[in-house]
Amino acid sequence: MPKIKWLPYQSKWILNPVQFALAEKSRRIGITYAEAYRVTRDLSTKNVKNNKVWFSSADLSASEEFIDYVGFFARYLNAAAKYIGEVVIDKEDEITAHRDRFSNGSECNAISSNPTRFRSKGGDIILDEFAHHKDQEKMYTAAKPSMMWGNRVRIISTHNGDDSFFNSLITEVMKGKEGTMKNWSHFKTTIDDAIKDGLIDTIVGHKASKEEIATFLEDVFSGMTQEAIDEEFFCIPRSSSNSHLLPYELINPIERDNILYDTPSLGEGAGGWAGDMYVGMDVGRKNNPSVIWLLEKLGELLYTRKVIPLKNVPYSEQRKILYDVYSHPNFRRGCMDATGIGNQLAEEAQEKFGTLRVEPVVFTPRVKEDLASHTYVMVEGRKVLIPRDKVIREDLYSVKAVTTSAGNVRYEADQTKDGGHADYFFGLALALMAAKSYAGPLIITSGAHREINSILKGY
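Using this note's numbering, you'd call the opening residue of the sequence shown number 231 and step up by one each time.
Structural data, given as structure tokens:
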């Protein structure tokens with residue numbers, strides 16, 4: 231069998247002699263794999279007899295995979311070990327474990343994440359993907375007696391929010407001698423750390439070029455938000471105080487293929503439209519695009535028919551495109567971002583097309599709250615349909631309801647990988663508000679304030 235070449239960060243973890251260790255890591259970099267090797271090496275040592283290791287991951291399939299790793303390394307080390315199978319370790323509670331047994335009597339047991347599994351179990355304990363266990367604190371408490379008897383406890387995990395018990399353990403360990411976990415060692419390995427140590431070289435089988443590394447990461451990160459990438463690969467837990475207004479489970483059901491009208495012009499005489507047209511325009515700032523969002527109302531549903539992003543487009547050209555849209559015979563009403571540099575464009579459009587058809591909207595915190603409230607209601611109720619588009623999806627997802635120290639809710643958005651800053655979200659929100667307010671001028675009332683508080687209760 232070929233010799234395994236461990237990467238530096240894996241070797242550091244394997245050779246760590248301390249009793250208590252905590253690994254804060256990126257996904258899929260082989261730390262759990264390295265831990266399986268360490269366990270096999272230690273359990274198969276000739277002068278060690280009847281030792282036990284209890285391994286638990288966030289799901290049973292991962293625990294079974296760990297047992298498979300141990301079996302592989304037993305063969306690699308020429309250690310006499312046998313997979314016993316699934317055995318009953320507690321008849322009263324019907325608790326089972328997958329077990330590998332070595333010729334010296336030592337055992338490796340893989341069990342579920344139920345905290346009761348560890349009670350009255352002597353031996354080393356490994357808690358894998360700890361931040362994703364349902365009862366982290368109970369798991370840790372159940373493992374404490376093993377520490378009293380000199381057994382090892384090793385905790386390995388990616389992050390799962392900054393309010394997880396796992397993250398609180400990291401915070402305590404990082405205090406060093408001033409904290410309550412001064413006997414613990416802390417390992418942190420991001421995807422960048424792993425790449426520097428040769429992870430991608432190992433995967434592709436040669437020294438990876440910068441282009442290969444960039445392509446590899448692009449493929450790995452595909453479809454993920456920056457927040458998810460930071461948490462899963464760079465050990466930066468997401469903030470629990472910031473909740474996404476439109477999670478994916480609300481966005482996905484309203485996405486449709488082939489919903490957009492493919493027309494080169496939407497000026498007077500352009501075909502395809504049967505229902506009323508409502509338009510929203512978010513005006514871009516600095517490197518962010520302006521976005522014009524067109525909705526068509528058919529029955530009780532609003533269909534997105536065209537989304538026009540305008541990045542680095544002169545305002546004179548943006549005005550021309552907007553006026554082309556407003557000149558369509560089916561156009562009924564438009565709401566425009568009139569904040570800052572958008573004010574002149576909105577005022578000019580209102581002068582040309584009339585106050586009942588064009589409404590400038592200044593983005594105060596209260597107005598943003600009303601826009602967010604109405605957009606949430608329409609998306610949750612599936613009253614609006616949007617194109618199936620990654621850029622749009624991530625932009626809508628990027629908006630967060632952030633609770634201030636005073637208990638107020640405000641709306642913020644991270645910059646997306648595509649350079650957006652909730653531009654599509656507010657383009658859509660303004661179009662939805664235009665459709666809502668078609669009967670007359672846009673009026674922001676206190677009723678919407680009560681609505682957002684009930685909708686976002688618990689965020």
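Using N, Cα and C, we set each Cβ at its ideal position, and we do this for glycine too.
- Across the set Ala288, Asn339, Lys282, the C-alpha of Asn339 shows the shortest separation from the C-alpha of aspartate 298.
- Runs of the alpha helix (DSSP H) lying entirely within the region 428-497, each at least 4 residues long, are 429-434, 440-451, 456-464, 478-481 in chain order.
- For a cut-off of 8 angstroms, the C-beta gap from isoleucine 489 to valine 509 is around 16 angstroms, too long to register as a contact.
- DSSP places proline 375 in the uninterrupted alpha helix (DSSP H) bounded by 366-378.
- Distance from the Cα of serine 287 is smallest, within the candidate group Asn334, Thr371, Ser387, Val383, for Ser387.
- Alanine 568 places its beta carbon less than 8 angstroms from that of proline 590.
- Sequence-distant partners of alanine 659 (beyond 5 residues in either direction) whose C-beta falls short of 6 angstroms from its own C-beta, in its chain, are Leu601, Thr605.
- Spanning the alpha carbons of glycine 260 and glutamine 240 requires a straight line of approximately 7 angstroms.
- In this structure, DSSP gives tryptophan 243 a helical state, which the three-state scheme calls helix.
- CA-to-CA, the gap between valine 403 and phenylalanine 417 works out to about 10 angstroms.
- Within the DSSP bridge table, the entry for isoleucine 355 names Trp284, Val383 as partners.
- With a 10 Å radius around the Cβ and a threshold of 16 neighbouring Cβ atoms, asparagine 381 comes out buried.
- Fewer than three Cβ pairs drawn from the region 527-544 and the region 572-590 lie within less than 8 angstroms of each other, which leaves the two stretches out of contact.
- The criterion of a C-beta distance shorter than 8 angstroms is satisfied by glycine 564 and methionine 511.
- Rounded to the nearest angstrom, the gap between the Cα atoms of phenylalanine 464 and tyrosine 556 is 46 angstroms.
- Counted as a single uninterrupted DSSP element, the beta strand (DSSP E) harbouring arginine 562 occupies residues 561-567.
- Here methionine 377 has Gln249, Phe250, Val383 as same chain residues with Cβ atoms under 8 angstroms from its own Cβ, once five neighbours each way along the sequence are excluded.
- When the beta-carbon positions are compared, leucine 399 and serine 336 stay at least 8 angstroms from each other.
- Three or more beta-carbon pairs separated by less than 8 angstroms are not found between the region 265-285 and the region 428-440, which leaves the two stretches without contact.
- The Cβ-Cβ distance between valine 614 and isoleucine 484 falls below 8 angstroms.
- For tyrosine 478, the closest of Arg623, Ala458, Gln366 by C-alpha to C-alpha distance is Arg623.
- Taking C-beta separations shorter than 8 angstroms and ignoring five residues to either side along the sequence, the partners of lysine 666 in its chain run His604, following chain order.
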